[in-house]
Each structure stands twice: as C-alpha cells, then as structure tokens.
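Engineer:
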Amino acid sequence: MHIGSTSIFEGKLTYRDLVKHISDRLFLLPRYVQKVVPDPFNLAHPTWETCEDFDIKNHIFKVKQKKVLNEKDLVKLAGELLTEVMDRNKPLWELHVVENLEGNRSAMIAKVHHCMVDGISGVDLMKILFDITPDSAPPPKPEIKKEETPKKDMAQMFFDSIFGAMQETSERLMEMQGGLMYMASNLTNPQNLEALPHLSDVLPAVSTPPPILPFNGACSGERRLAWTEFSFAEARIVRNVLGGTVNDVVLTVLSESVARYVKFHKQKTKGKIVRFMVPVSLRQKEQRGALGNIISILPVEIPLDIEDLPTRFQHVHQRTNLMKTARLAEGLLTLGSFYTMMPAPLQSMIGALADLPFPPFNMVATNVPGPQVPIYLAGRKMLVQYPYVPVGYQLGLGCAILSYNQTLYFGLSSDAQAMQDVEKFKEILDEVFEDLRTTVENLESQTAGAAG
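Laid out in structure tokens, this is it:
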C-alpha cells in the first residue's frame, strides 16, 4: 500500500547531495522520523512514535549501476523497487537515486506508505522538499531540545490501550454524526433536490460487483509499469470545447482505452461497464500541508459500448457531476465511519479477509494537480515525474495522473500476473488521446465554418 513516483532530473543528482538536501529539511517533516508501533494488547490502533535509532541512510539509497541507464531500464527498475514491501520497523519512506541516466540526466524513485500521505498531501510535501529556484538556501533550523520519553510499565500501557480505544470510538461517532448532518443539509438544499431522482443511476456503483475485465484477476505482487504524457494545454482545450473538466478528459480517455483494450482481447463490450475507483480529497483549505489521509472515493461507472468520443465525454461529465451534487464521496466517507468505530481487533480481522471473490472496482484512477512551474531538488531541475498507485485485490491495473509544468504525466501500474501487457494499454491510451484531440479540432473547425 505504498504510493510513489519516478522523477527525472536535468544533470546529475548525486546520492551525497540528496542526503544533505533531505537532512537539511527533515525537521520540517516530523512524521518522517516516526514509525508505526502496534498496540501491545491489540486493543487500539497503532501509534506514531519517534524512531530512536533513526538513520537517514536507511531511507536514501544509491542504485548500483554497471552502465548508464536508459528510460526502458528505468521503468523496469522502478517496477522492481515498487514491488518490494516496505520494512515496518522503520519510518515508511524510501528514496532511490539513479545518478547516471542517459542524456546527462538522473532519476529518483520515491516510495512512501499511503498511511503517511495521500495525493494532495504528497503534493504539499513537494513544496517542502523542492525549491522554485536552483540555488535556494536551506531553511533555518530551530534549536530543538531533545526530551526523553519516560518508559511506561505494563499496567500503564494496558490502561492507555483501553482509553485510547474508547477515545477513538468516541471521535469516530462524532465524525459520523457530523457527516450525516452534513449529508442531510446538502440533500435538502433546493439547489440539489433536482439530483435526487437520478441517484438511483449511481447507487449500483456502490452495491453490485462490476464485470470482470481482462486485467481483473489474482495478483502476484510483482509490479510492471508503463508511462506516458500528454499536453495539459491540449487537455484544457478539449475540456473547454466539450464543456467539462480536465478530470472528465482523463476519465474519457481511460474508459475508451479500456473499451479498446477489451476488444483487443477479443471480448465483447456491448452492455458492459468499467467501474473506476476515483479517490477524492476531502482535505479542507486549513488542512493543507498536514500529512496522513483525508480521502474518500467516487465509484464512477462508464459504459464500454459508447462509440462516439464526445458522447462518452458528456456521459462522464454528467455522471461525475451528479455524484458531486449528491455529495456521494462525503456519504461514503460517513458510511466508512461505521467501520472505523469497530474495535481495532475486529477491524484487523476484517482486513485480513479483504480479498473478496470479486473486485469492487475494475481499476483505480487518481488525478492529482501538481505545480505548473519548474521545481528543483538539490539544485537539479525536475523534468518529469511519473506517479505510482498500488494495485492488488484483483485490481490488476491502476492509473495515477500528475499535472506538472503544463504536462499530464500518466503512471500505469499493473500486476505482472493479472496483466502481462500493460505496454499495450499504454499504446492504446496514446491513440485515444490523439483521436480525442483530432475530434475536438474538427469540431472547432466546423463551429468556425458555421459561424463564418
């Protein structure tokens, strides 16, 4: 369950420079020197505790190279590194530096567990670790007095576990009550009442299993990646002409790519849908910069047998807009509070049985807005960044999208057993975006001709 990214830099980013750069800023990231400590009695949830023997060299690694790597080597290496499960006995983050990448470039493969960050807080993290100029000075370090934490005896630890579990349950109950009141106030809002009759159209997306698609199957854990990129400006043109959002553009391209991929595997698309799990950040403005997860999901269903790209776009736009109006993401987060109110041992038991006989979704699709100007790490300009989202539980394909410096970077992650041809899906993705761009250009030309 770690997320990550592969970044490529101009010039040579060295291991030594990266260690110094991160060390100078680590005081701004206290969570990054903390590890997850299980409750000794398994009555409450694990806690974050300072790692007393923290050593940054256990988190930043230099990739051993016998030759200068090319991008094909890099994508293979990233898949191998992102396959490995993270060591739970230390803070859950790693950086792997490739000092020599062809074209006088270098690279960094980053891993961080999802319990530490979500997509939005990950972008906020970039603001701390990256600079907007190549020669920025490190932030001044305040004097920090080290305080020894008194050791607790078993009786104290036992009562802490009990009261901790009670406090967690109480907090989740208040969150659930607040969420229910928020949902009720939104649904009775006159502006949203017109959406109520259409809620039945989206409810099956959270209550019934989706069809099994070619990449839905048992997963081995071995990751295979593929990367591509599209012009952010062109995506905005598509958005403006067809009347929607950039996220609608992304889901249109992905759903059409799934349809063509299904046909490539000699399967029928008529009457079938693809169900995306679209993570939605519910992080409020005042919570920006905080680590951890504040996310819910939108289960977006899109028919595979829509042949016309503009029609597909309109379907995506109407469906996502309806879900937003109905506050479905907030509603699902509120329902999730029922689960979090359960005692920690019961949650653990349910989690162990989470591998259902059918997947609740077909694939994950997450779109995160990043900085639209160049940024620098240890004085090296970041040229590209391909994000990574974990897969598993029969979801053999996932797609993470990051917008950076006027480009949309698509990171496709697949399970080698469930999907052996992620590169083919990447080829189809490229074709679909080009078809959508051409279609929109033709529509613009027709509109201009009619106006003339």
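Taking our numbering, I'd label the letters of the sequence shown as residues 931 to 1382.
Using N, Cα and C, we set each Cβ at its ideal position, and we do this for glycine too.
What would DSSP say about TYR1334, mapped onto helix, strand or coil?
Structural biologist: TYR1334: strand per DSSP, three-state reduction.
Engineer: Pick from GLN1302, LYS994, PRO1021: whose alpha carbon is nearest that of TRP978?
Structural biologist: For the residues GLN1302, LYS994, PRO1021, the minimum Cα distance to TRP978 belongs to PRO1021.
Engineer: Report yes if the CB atom of LEU999 is closer than 9 Å to the CB atom of VAL967, and no otherwise.
Structural biologist: Contact: no.
Engineer: For ARG955, which residues in the same chain have their Cβ closer than 7 Å to its Cβ, ignoring the five residues on either side in sequence?
Structural biologist: So the list reads ILE1058, LEU1059, PRO1068, PRO1069, once near-sequence residues are dropped.
Engineer: Could you compute how far the alpha carbon of LEU943 sits from the alpha carbon of GLU1001?
Structural biologist: C-alpha separation (whole angstroms): 16 Å.
Engineer: So, for PRO1320: in the same chain, excluding its five sequence neighbours on each side, which residues have a beta-carbon less than 6 Å away from its beta-carbon?
Structural biologist: Excluding positions up to five away in sequence, the list reads MET931.
Engineer: So, for GLU1186: in the same chain, excluding its five sequence neighbours on each side, which residues have a beta-carbon less than 7 Å away from its beta-carbon?
Structural biologist: Excluding positions up to five away in sequence, the list reads LEU1239, ARG1242, VAL1362.
Engineer: Helix, strand or coil, according to DSSP, for ASP1238 in the structure here?
Structural biologist: DSSP places ASP1238 in coil when its eight states are reduced to three.
Engineer: Does the separation of the CB atoms of SER937 and MET1312 fall below 9 Å?
Structural biologist: Yes, the Cβ-Cβ distance between SER937 and MET1312 is below 9 Å.
Engineer: Under 9 Å, do PHE1145 and LEU1327 count as touching if we go by C-beta distance?
Structural biologist: Yes, Cβ-Cβ distance for PHE1145 and LEU1327 is below 9 Å.
Engineer: Where do the ends of the beta strand (DSSP E) carrying VAL1179 lie?
Structural biologist: No beta strand (DSSP E) contains VAL1179, which is instead part of the alpha helix (DSSP H) from 1176 to 1194.
Engineer: So if DSSP puts ALA1040 in a beta bridge, which residue, or which two residues, is it bridged to?
Structural biologist: Bridge partners of ALA1040: SER935, LEU1025.
Engineer: Using three-state DSSP, classify GLY1328 as helix, strand or coil.
Structural biologist: GLY1328: strand per DSSP, three-state reduction.
Engineer: Looking at the structure shown, is MET1293 part of a helix, part of a strand, or coil, going by DSSP?
Structural biologist: Of the three classes helix, strand and coil, the one that applies to MET1293 here is strand, per DSSP.
Engineer: Are VAL1180 and ALA1295 close, meaning C-beta to C-beta below 9 Å?
Structural biologist: Yes; because the gap between Cβ atoms is below 9 Å, this pair is in contact.
Engineer: Whose C-beta lies closer than 6 Å to the C-beta of VAL1352 among residues of the same chain, with five residues either side of it excluded?
Structural biologist: ARG1154, ALA1156, LEU1342, SER1344, listed in sequence order.
Engineer: Going by DSSP, what residues sit across from MET1253 in a beta bridge?
Structural biologist: Answer by DSSP bridge pairing: none, since MET1253 is not bridged.
Engineer: Taking ILE1305 as part of the beta strand (DSSP E), name the residues at either end of that continuous run.
Structural biologist: ILE1305 -> no beta strand (DSSP E), and no H or E assigned at all.
Engineer: I believe ARG1310 touches SER1036 by the beta-carbon criterion, under 8 Å. Please report the beta-carbon distance rounded to the nearest angstrom.
Structural biologist: Right, the Cβ-Cβ distance comes to about 7 Å (below 8 Å), so this counts as a contact.
Engineer: For LYS987, which option in LEU948, PRO1141, GLU1073 has the closest C-alpha, if you only look at C-alpha atoms?
Structural biologist: Out of LEU948, PRO1141, GLU1073, LEU948 has the C-alpha closest to the C-alpha of LYS987.
Engineer: Compare the Cα-Cα distances from VAL1042 to each of HIS989, THR1199, PHE939 and report the closest residue.
Structural biologist: Selected option, being the one with the closest Cα: HIS989.
Engineer: Counting only the same chain and skipping the five closest in sequence on each side, list residues whose C-beta sits under 7 Å from that of CYS981.
Structural biologist: The residues are VAL963, GLN964, LYS965, LYS1020, PRO1021.
Engineer: Check whether the Cβ atoms of PRO1290 and PRO1140 lie closer than 9 Å to each other.
Structural biologist: Yes.
Engineer: Can you give me the start and stop residues for the beta strand (DSSP E) that PHE1160 sits inside?
Structural biologist: Run containing PHE1160: 1153 to 1161, per the beta strand (DSSP E) assignment.
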